[in-house]
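Worksheet: one structure, shown below.
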Amino acid sequence: HVQVVESGGGLVQAGGSLRLSCKASGNILSVRSMGWYRRAPGKERELVAGIGSGGDVYYADSVKGRFTLSKDADVNTLYLYLQLGFLKPEDTAMYYCVAQDSDADSFWGQGTQVTVSS
Numbered sequence: 003h004v005q006v007v008e009s010g011g012g013l014v015q016a017g018g019s020l021r022l023s024c025k026a027s028g029n030i031l032s033v034r035s036m037g038w039y040r041r042a043p044g045k046e047r048e049l050v051a052g053i054g055s056g057g058d059v060y061y062a063d064s065v066k067g068r069f070t071l072s073k074d075a076d077v078n079t080l081y082l083y084l085q086l087g088f089l090k091p092e093d094t095a096m097y098y099c100v101a102q103d104s105d106a107d108s109f110w111g112q113g114t115q116v117t118v119s120s
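Numbering-wise, the sequence shown is residues 3 to 120 according to my numbering.
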């Protein structure tokens, strides 16, 4: 089992930036990929950015050039960061971090709210 916790959301003006942090703990040796999703009110959940076990990084077209994914690790914890830049009101959403293990089980955090004012 993997525990996932996000932090770093908040209220920011359009054009501003935020850094979201995700910590994954527990059975981290089983984790094969991690990513950030978001869900805006009235919209489907979408994958914003993710990284696989081989280091390949994916970005949604809507965030390419504005968001940057990075990762780190220590003995007991995996860290996944999402730097959000040039934020737009349409980036307003609840952002969720997910870790997927070798059994394809997904472990989700509770989410962190990002609100961009115009």
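Heads up, the beta-carbon is just placed ideally off N, CA and C, and yes, glycines get one too.
Endpoints, the beta strand (DSSP E) within which residue i is located
{"i": "residue 53", "result": "48–53"}
{"i": "residue 92", "result": "Careful: residue 92 lies outside any beta strand (DSSP E) and carries neither H nor E."}
{"i": "residue 5", "result": "4–9"}
{"i": "residue 59", "result": "59–61"}
Helix, strand or coil at residue i according to DSSP, with G and I counted as helix
{"i": "residue 104", "result": "coil"}
{"i": "residue 72", "result": "strand"}
{"i": "residue 119", "result": "strand"}
{"i": "residue 31", "result": "helix"}
{"i": "residue 42", "result": "coil"}
{"i": "residue 88", "result": "coil"}
{"i": "residue 23", "result": "strand"}
{"i": "residue 12", "result": "strand"}
{"i": "residue 113", "result": "coil"}
{"i": "residue 121", "result": "The displayed coordinates of the chain run from 3 to 120. Any statement about residue 121 would go beyond what the structure contains."}
Inter-residue CB distance, residue i and residue j (contact presumed, cutoff 8 Å)
{"i": "residue 30", "j": "residue 80", "result": "5 Å"}
{"i": "residue 10", "j": "residue 23", "result": "5 Å"}
{"i": "residue 85", "j": "residue 27", "result": "That belief does not hold up - the Cβ atoms of residue 85 and residue 27 are roughly 22 Å apart, past 8 Å."}
{"i": "residue 46", "j": "residue 62", "result": "With a Cβ gap of about 12 Å, residue 46 and residue 62 do not count as contacting."}
{"i": "residue 6", "j": "residue 111", "result": "4 Å"}
{"i": "residue 89", "j": "residue 14", "result": "6 Å"}
Using 8 Å as the threshold, is the region 100–108 in touch with the region 34–46, meaning 3 or more CB pairs across them?
yes
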